[in-house]
Amino acid sequence: MWSSEGCECCDQWAKHLQNYLFVVTQRKVEEVAAVRKQLGMPEKYAGCHVARAGRYVIDGHVPALDILTLMREQPQAIGLAVPDMPTGSPGMERGGRKDPYQVLLIGLDASATVFKSYS
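Its first residue numbered 10, the sequence shown is counted upward by one per residue in this note's numbering.
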């Protein structure tokens with residue numbers, strides 16, 4: 010995973026993944042956007058950090074169970090994204106507050122469909 014130096018929510022997301030037995034290697038970079046572009050994820054779906062899970066790109070605070078579902082189903086796609094930083098998503102917990110958000114499946118043509126909704 011690639012994130013900015015000192016980003017606490019990125020560290021919390023990494024811990025969330027580790028709780029689901031993902032092996033997470035964190036790399037601190039000056040420009041996450043440059044890594045995102047190199048990995049092929051369109052900037053319009055940008056979250057706080059970007060990661061690789063197998064052949065997929067994971068952008069933002071995507072729940073671990075959704076990544077596991079993606080890897081099990083193996084769709085033809087770039088990967089999953091949670092744009093922005095929605096409160097209540099993994100790594101963005103703020104007490105009991107949870108804002109609704111969607112996990113997007115980013116197709117090879119850079120189009121997005123809803124993979125899962127959270128409310």
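Note that CB positions come from ideal geometry on N, CA and C, so glycine has one too.
query: According to DSSP, is D68 helix, strand or coil?
result: strand
task: Please report how far the alpha carbon of A121 lies from the alpha carbon of L26, in whole angstroms.
output: When rounded, the distance between both Cα atoms is 23 Å.
Candidates P95, A60, Y65, of which the one nearest Q85 by Cα: Y65
query: Does the segment 82-98 come close enough to the segment 39-47 that 3 or more CB-CB pairs lie under 8 Å?
result: no
message: Going by DSSP in three states, I87 sits in which element: helix, strand or coil?
response: coil
field: Cβ-based neighbour list, A42, same chain, cut-off 8 Å, excluding 5 preceding and 5 following
entry: E52, A55
query: Going by DSSP, what residues sit across from W22 in a beta bridge?
result: W22 pairs with nothing; no bridge assigned.
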